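Asker: With UniProt numbering applied, the sequence shown corresponds to residues 1 to 315, in that order. Note that the Cβ used here is the ideal one computed from N, Cα and C, for glycine as well. As the structure is a prediction and not an experimental result, all values here were calculated from the model.
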Amino acid sequence: MSKVGVFPASGGLGGSTVQHLLPLVPASNLVFIARNPDKLAAESRQGAVVRRADYDDPSTLERVFEGIGALFLISYASCEHEHRSKAHRIAIDAAIRSGVKHIFYSSLAFGGNLRKESEALVMQAHLDTEAYLDELARSPAHPNFTYTVIREGLYSESFPIYTAFFDPAAPVDEIKIPHDGSGPGVAWVKRDELGEATAKIIATYVHNPLAFPYLNKTLLLTGPKVLTLAEVVGILGKIIGKSDIKIKKVSVDEYTAQPQNPANLTYHGEDLSKKWATAWPAIANGECSVVTPLLRDTLGREPEDVETTLRKLLA
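1. Is the separation between the beta-carbon of Leu61 and that of Ile90 shorter than 9 Å?
2. Return the CA-CA distance between Glu152 and Lys86, expressed in angstroms with no decimal places.
3. From Phe145 to Val100, what does the alpha carbon distance come to, in whole angstroms?
4. Please state the DSSP three-state secondary structure of Glu174.
5. Can you tell me whether Ser243 is buried or exposed? The criterion is at least 16 other CB atoms within 10 Å of its CB, across all chains shown.
6. Three Cβ pairs or more, each shorter than 8 Å: is that satisfied between the segment 110-118 and the segment 285-302?
7. Taking Pro262 and Asp271 to be in contact with their CB atoms under 8 Å, please state how far apart those CB atoms are, rounded to whole angstroms.
8. At a cut of 8 Å, does the segment 214-232 reach the segment 30-49 through at least three beta carbon pairs?
9. Using 8 Å for Cβ pairs, my map puts Leu277 next to Tyr255. What's the rounded Cβ distance?
10. Mind checking whether Ile245 and Glu174 have CB atoms under 9 Å apart?
11. Could you check what DSSP says for Thr17 in three-state terms: helix, strand or coil?
12. Name, in chain order, the residues that DSSP records as bridge partners for Phe32.
13. Nearest by alpha-carbon distance to Arg115: which of Pro37, Leu220, Asp93 is it?
14. Kindly indicate which residue of Lys3, Gly5, His20 has the alpha-carbon position closest to the one of Ala193.
15. Short of 6 Å in beta carbon distance, which residues of its chain neighbour Arg52, apart from the five on each side in sequence? Order them along the chain.
16. Cα separation between Glu304 and Pro140?
17. For the segment 195-207 against the segment 8-26, do three or more pairs of beta-carbon atoms, one drawn from each stretch, fall closer than 8 Å, so that the two count as touching?
18. Kindly indicate the opening and closing residues of the alpha helix (DSSP H) around Thr309.
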């Protein structure tokens, strides 16, 4: 059995995948890589190898993937385009030089039913990375390299970024975004169930690479039902006991002028609020409204519904 690496392994999706991998793959075959290895002390005590690397310090990537056969590469945490694409490419190149044979890549569920285009800025680096992995797998220079892209559904827990950072602890009456809240909606999904399904897919490969059905494929993991932004806001209002919360469609300029947006959407000193606003036309065009059975089939049960997830989150 080849060793499995996860990088970065201490974030939301990475941490969830790590916890679900531990019962499926012997800890001695797991290598968890993070910017802050101290966050993985418990996993180290269980027998996993823990290493340090940082997307923003390419020198740390040069040998960190040595001894790893299959790598789960989680995307750089930002909605930037060029910087993310470059960071992903550097990590992929370092992994291949170190002998990694298969890369699982966490993409995002914009782009509808696996289309190779999207209106959303946040999807552009993912599309670049998907294309680069496919290019490498087709290259005669890398005859033994394969990949699996997993387009992870939009997290139910990520509702703040789609609702102008609505705060249930200090609720406003009006959520001002460049979208009217109507359909098409989003096939929302619980983040931990994405981590669980991703871990099961990785474990399937590790236990029998030759029979793995998703070599050089792109997968789409979604929730079981599409809900509009207005329906999600209605659920939030129901949970916190405030039934009069409304979505007001505003211009992109009015959206970005709200102070909470630059405060939460500034990366490397650049306010990306206006670029992030490209997510709403993508949602309006149905890019996030595709439902697939793969999550349910991989989990072996019905995925958790949005209201249940949000009630637990806000309890």
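Answerer: Walking through what the data contain:
1. Closer than 9 Å, so yes.
2. Cα atoms of Glu152 and Lys86: separation of roughly 21 Å, rounded to the nearest angstrom.
3. Looking at the two C-alpha atoms, the distance is approximately 8 Å.
4. Three-state result, Glu174: strand.
5. With fewer than 16 Cβ atoms within 10 Å of its Cβ, Ser243 is classed as exposed.
6. Under the 8 Å Cβ criterion, the segment 110-118 counts as touching the segment 285-302, having at least three qualifying pairs.
7. Pro262 to Asp271, Cβ: 4 Å. Contact.
8. Touching, no, given that fewer than three Cβ pairs across the two stretches are closer than 8 Å.
9. Reading off the sequence shown, one finds Ala at residue 277, where the question assumed Leu. Indeed, because the Cβ distance is near 6 Å, the residues count as touching under 8 Å.
10. Contact flag set, yes.
11. It is helical.
12. Beta-bridge partners assigned by DSSP to Phe32: Val6, Val50.
13. The residue with the shortest Cα to Cα distance from Arg115 is Leu220.
14. Looking at the sequence provided, one finds Glu at residue 193 rather than Ala. With respect to the C-alpha of Glu193, the residue from Lys3, Gly5, His20 having the closest C-alpha is His20.
15. Only Pro37 meet the Cβ criterion.
16. About 43 Å.
17. Touching, per the Cβ criterion.
18. Segment 306-314, the alpha helix (DSSP H) holding Thr309.
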